[in-house]
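Written out below as structure tokens is the structure these notes cover.
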Amino acid sequence: VPPGGYRATTYAIEPDASTASYFFATAALTGGEVTVPGLGEGALQGDLAFVDVLRRMGAHVEIGADRTTVRGTGELHGLTVNMRDISDTMPTLAAIAPYASGPVRIEDVANTRVKECDRLEACAENLRRLGVAVETGPDWIEIQPGTPASGVEIKSYGDHRIVMSFAVAGLRAPGISFDDPGCVRKTFPGFHEEFAELRAAIG
Numbered sequence: 006v007p008p009g010g011y012r013a014t015t016y017a018i019e020p021d022a023s024t025a026s027y028f029f030a031t032a033a034l035t036g037g038e039v040t041v042p043g044l045g046e047g048a049l050q051g052d053l054a055f056v057d058v059l060r061r062m063g064a065h066v067e068i069g070a071d072r073t074t075v076r077g078t079g080e081l082h083g084l085t086v087n088m089r090d091i092s093d094t095m096p097t098l099a100a101i102a103p104y105a106s107g108p109v110r111i112e113d114v115a116n117t118r119v120k121e122c123d124r125l126e127a128c129a130e131n132l133r134r135l136g137v138a139v140e141t142g143p144d145w146i147e148i149q150p151g152t153p154a155s156g157v158e159i160k161s162y163g164d165h166r167i168v169m170s171f172a173v174a175g176l177r178a179p180g181i182s183f184d185d186p187g188c189v190r191k192t193f194p195g196f197h198e199e200f201a202e203l204r205a206a207i208g
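The numbering of the sequence shown is our numbering, which starts it at 6 and goes up by one.
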């Protein structure tokens, strides 16, 4: 192979679609609107399909050429959904599931048991701490509608996705805290600051 050298260029790098799920879920839960630029039609990351789950639950979703917008409608419907291919967003859905009008059943997520922690059981444990009725099986979790309690400490299990997911639930359950809030540094060191800004903007 002959020598080639390098040429300067501009290369667009997509934002992390898994992390975007917390912001999309915030819009769906609160009735606000969130747009994430850089994630749109032809996105390479499968986790952008999480917005399709939010659409099925009643949120308004627009996927453009270079951005995706989710706008809440003030209501979330229950559903049964297979999340095998977008399992990193399973905790996000689990955290907002109690606010749906009907049960939310998430299936085919056995692989979430072998992530940074057993995410399926971590979600179940924290939802029970919030006073929400939950059932689990080898590869599924079913969450009943409820009114999560305030002032609950969430057990993080050292898993960044558990903390970021339940931060969304905390939008409607005041006083939620975390035993290890700093574990978000694995993927998003400034998450709490950014999320606080979004919370203030949405009101």
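Ideal Cβ positions, reconstructed from N, Cα and C, are used throughout, including at glycine.
Predicted model, so just to flag it, every value in this text is computed and none were measured.
Where does the unbroken alpha helix (DSSP H) through residue i begin, and where does it stop?
| i | result |
| --- | --- |
| I167 | H165 to A174 |
| T97 | M95 to I101 |
When the distance is taken between beta carbons, is residue j closer than 8 Å to residue i?
| i | j | result |
| --- | --- | --- |
| L59 | A30 | yes |
| D184 | E158 | yes |
| T73 | V41 | yes |
Tell me the rounded alpha-carbon separation between residue i and residue j.
| i | j | result |
| --- | --- | --- |
| Y11 | D71 | 27 Å |
| V39 | A115 | 30 Å |
| A33 | S170 | 13 Å |
| R118 | L125 | 6 Å |
| T141 | G9 | 56 Å |
| E46 | G69 | 6 Å |
So residue i packs on residue j, CB below 8 Å; how close in whole Å?
| i | j | result |
| --- | --- | --- |
| V139 | A154 | Not a contact, Cβ separation roughly 14 Å. |
| Q149 | P108 | 5 Å |
| V209 | H165 | Since the displayed the chain opens at 6 and closes at 208, residue 209 lies outside it and no answer follows. |
| D100 | L53 | The question names Asp, yet the displayed sequence has Ala at residue 100. No, A100 and L53 are not in contact; Cβ-Cβ is about 19 Å, not under 8 Å. |
From which residue to which residue does the beta strand (DSSP E) around residue i run?
| i | result |
| --- | --- |
| N87 | L84 to N87 |
| T141 | V139 to T141 |
Can you name the residues that DSSP bridges to residue i?
| i | result |
| --- | --- |
| E46 | DSSP output for E46 lists no bridge partner at all. |
| V58 | Bridge partners of V58: none, in fact. |
| V66 | V75 |
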